[in-house]
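Before any comments, here is the structure.
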Amino acid sequence: RYIRDWVQPPLNGSRPLPPAVYNHWFKLGADIDEQTMLSLVEPARRLGMEYFVLDAGWYA
5 RYIRDWVQPP LNGSRPLPPA VYNHWFKLGA DIDEQTMLSL VEPARRLGME YFVLDAGWYA
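For the numbering used here, count along the sequence shown from 1 and bump the result up by 4.
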């Protein structure tokens with residue numbers, strides 16, 4: 005909050021919000037596969053997620 009309120013410059017007169025990010029790690033951990041990840045992309049997009057992070061399970 006400090007960075008957003010005092011360090012980050014305004015953009016068009018207002019402070020930008022942090023990006024909306026989906027990260028599977030908290031729900032699935034390393035228990036992932038391609039089909040599971042693909043099934044989560046569209047719901048994340050509908051929720052307004054700007055980034056879809058394939059976390060430490062990327063090698064699985």
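Idealized CB from N, CA, C, for every residue including glycine. Remember, predicted model here, so these are calculated numbers, not experimental data.
Nearest neighbour of I7, chosen from L21, N16, G17 [CA to CA]: L21
Start and end residues, beta strand (DSSP E) containing V78: Residue 78 cannot be examined here, being either before or after the span of the chain that is shown, 5 to 64.
Where L21 falls: helix, strand or coil (DSSP): coil
Beta-carbon separation (whole angstroms), Y55 vs P13, contact threshold 8 Å: Rounded, the Cβ-Cβ distance is 22 Å, inconsistent with contact.
Residues that DSSP places opposite N27 in a beta bridge: V57
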